[in-house]
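One structure is given below, encoded as structure tokens.
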Amino acid sequence: MKAFRFLRPRTLAEASEALRREPGAVPKAGGVDLLDRWKERVEEPEVVVGLCDVTDGAALRLEEDGALVLGALATLADLAGSDLVRRFLPALARAADQAASPQIRHRATLGGNLAQATRCGYWRLRSFPCLLRGASRCPVREPGGVQETAGIFANDPCASAHPSSVAPVLGALGAEILVGGGPEGGRGLAFEALWRAPEPGRSDVLALEPGELIRAVRIPPSAHPVRVGHAEVRQRAAFDWPLVTAAVGLTLDADRIREARVWLGSVAPTPHRARAAEAALTGRRLAEVRATFDGRAAAEGATPLPGTAYKAGLVAVAARRALADALERS
59 MKAFRFLRPR TLAEASEALR REPGAVPKAG GVDLLDRWKE RVEEPEVVVG LCDVTDGAAL
119 RLEEDGALVL GALATLADLA GSDLVRRFLP ALARAADQAA SPQIRHRATL GGNLAQATRC
179 GYWRLRSFPC LLRGASRCPV REPGGVQETA GIFANDPCAS AHPSSVAPVL GALGAEILVG
239 GGPEGGRGLA FEALWRAPEP GRSDVLALEP GELIRAVRIP PSAHPVRVGH AEVRQRAAFD
299 WPLVTAAVGL TLDADRIREA RVWLGSVAPT PHRARAAEAA LTGRRLAEVR ATFDGRAAAE
359 GATPLPGTAY KAGLVAVAAR RALADALERS
């Protein structure tokens with residue numbers, strides 16, 4: 059690993075100031091994903107801004123208007139074990155509790171899970187060419203490319219897949235991202251605006267300005283009952299990245315679905331919103347969708363590669379299971 063200078067701010071404001079002051083500086087919280095990349099020399103930062111000593115970034119709180127605010131430095135174990143999260147956001151608690159391994163869940167943070175990079179082996183090993191590191195084309199899309207874990211939506215020119223375990227659930231909850239630092243001091247972002255589409259020669263996935271950090275995630279209050287379900291399909295149950303993640307959020311008027319939010323993970327370079335599935339659910343009665351929704355609408359618009367054709371079927375399975383989870387447990 060290349061040597062770097064390590065800064066240890068005590069607050070998010072100090073961390074943002076350090077990031078603005080040091081061009082090219084990289085923030086590090088748990089560092090679960092970052093350390094792998096640095097060891098492989100995929101990324102070689104000159105300056106690292108450590109967040110482990112920051113005292114104001116991990117709180118989980120219920121605001122007076124009923125909104126829930128989840129600090130970006132809260133660990134996945136914090137989310138899984140919080141009485142507040144388990145009471146009001148049970149699907150999020152379950153998603154956090156299923157991610158990775160117990161050791162990693164106690165280090166990995168909410169912000170880091172949202173910010174993590176693709177698991178694509180072409181990007182993570184410098185011996186391979188990669189569009190995001192300056193190659194002319196994505197090798198996954200070339201004949202003979204390893205495609206089994208690649209994305210099936212928005213996969214041209216880059217077929218990477220975003221692996222966040224909690225992003226689909228947050229999308230289904232209608233979450234807002236609270237950003238600190240940067241030229242504006244702080245701002246709120248629509249959930250989908252946190253990420254940028256892949257660009258040749260650009261590896262970062264977050265659409266943030268210099269000095270900005272994910273400060274928190276805000277779940278807005280709702281005047282209507284909300285049910286949220288979550289499902290993952292993996293090759294193995296423990297310590298594995300999902301092949302497909304689905305989350306379904308339902309806002310209800312009595313027994314009719316007033317609004318549906320369906321989000322998918324591990325199928326596109328950024329978390330993917332399945333609007334066709336939302337349209338297939340909105341306005342219908344719960345008994346009707348329970349009996350007839352087969353999940354195939356969630357795969358509408360997919361452009362799978364030869365090695366990822368199976369993922370369209372998994373999307374339907376995951377979406378159907380997430381809906382059942384929403385109806386039965388949330």
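In this note's numbering, the protein residues as written are 59 to 388.
Just so it is clear, CB atoms sit at the ideal spot from N, CA and C, and this is done for glycine as well.
- In the displayed model, T113 falls within coil according to three-state DSSP, outside both helix and strand.
- It is roughly 10 Å from the alpha-carbon of S194 to the alpha-carbon of P215.
- If you draw a 10 Å sphere on the C-beta of V204, you find fewer than 16 other C-beta atoms in it, and that means exposed.
- For the pair P103 and G192, the Cα-to-Cα distance works out to about 18 Å.
- The distance from the Cβ of L118 to that of L128 is about 6 Å, consistent with a contact at the 8 Å cut-off.
- Out of A334, S280, R292 and G169, the CA that lies nearest to the CA of K86 is found in G169.
- Non-local C-beta neighbours of R331 in its own chain, meaning closer than 6 Å and more than five positions away in sequence, comprise W321, ordered along the chain.
- Three or more beta-carbon pairs separated by less than 8 Å link the stretch 300-314 to the stretch 219-229, which places the two stretches in contact.
- In terms of Cα proximity to Q174, the closest of V143, P258, E234 and P329 is P329.
- Cβ contact annotation for W96 (same chain, cutoff 6 Å, sequence separation greater than five): M59, in chain order.
- Taking a cut-off of 8 Å on C-beta distances, the stretch 239-256 does not touch the stretch 140-147, as fewer than three cross pairs fall below it.
- H282 is classed as exposed because its beta carbon has fewer than 16 other beta carbons within 10 Å across all chains shown.
- The bridge partners DSSP lists for L339 come to none.
- Taking the Cβ atoms as the reference, V237 lies roughly 19 Å from R260, outside the contact range of under 8 Å.
- Rounded to the nearest whole angstrom, the CA to CA distance from A384 to G359 is 24 Å.
- Burial is judged here by how many other beta carbons sit within 10 angstroms of a residue's own beta carbon; Y180 has at least 16 and is buried.
- The three-state secondary structure of F211, taken from DSSP, is coil.
- S140 and A154 have their alpha carbons spaced roughly 11 Å apart.
- The DSSP assignment places complete beta strand (DSSP E) segments of no fewer than 3 residues inside the stretch 277-357 at 284-291, 302-311 and 314-323, in order along the chain.
- By the Cβ-count criterion, L93 is exposed, with fewer than 16 other Cβ atoms from all chains shown falling within 10 Å of its own Cβ.
- Judged by DSSP in its simplified three-state form, V105 adopts strand.
- Scanning G307, V325 and A345 for the CA closest to the CA of R314 turns up A345.
- For F249, the three-state secondary structure derived from DSSP is helix.
- Pairing A305 with V373 gives a Cβ-Cβ distance that is not under 8 Å.
- Within its own chain, the residues whose Cβ lies closer than 8 Å to the Cβ of L339, once the five positions on either side in sequence are excluded, are V306, L308, I315, A318, V320, V347, F351 and L381, listed in chain order.
- Nearest in C-alpha terms to E72, of all of E250, G229 and D111, is D111.
- Taking C-beta separations shorter than 7 Å and ignoring five residues to either side along the sequence, the partners of A132 in its chain run A116, L118, T167 and L168, following chain order.
- The C-alpha of R163 lies about 7 Å from the C-alpha of A157.
- R276 is the residue among R152, L252, R276 and L70 whose C-alpha sits nearest the C-alpha of E122.
- The beta carbon of F62 sits closer than 7 Å to those of P103, E104, V105 and V106, all from its chain and outside the five residues before and after it, given in chain order.
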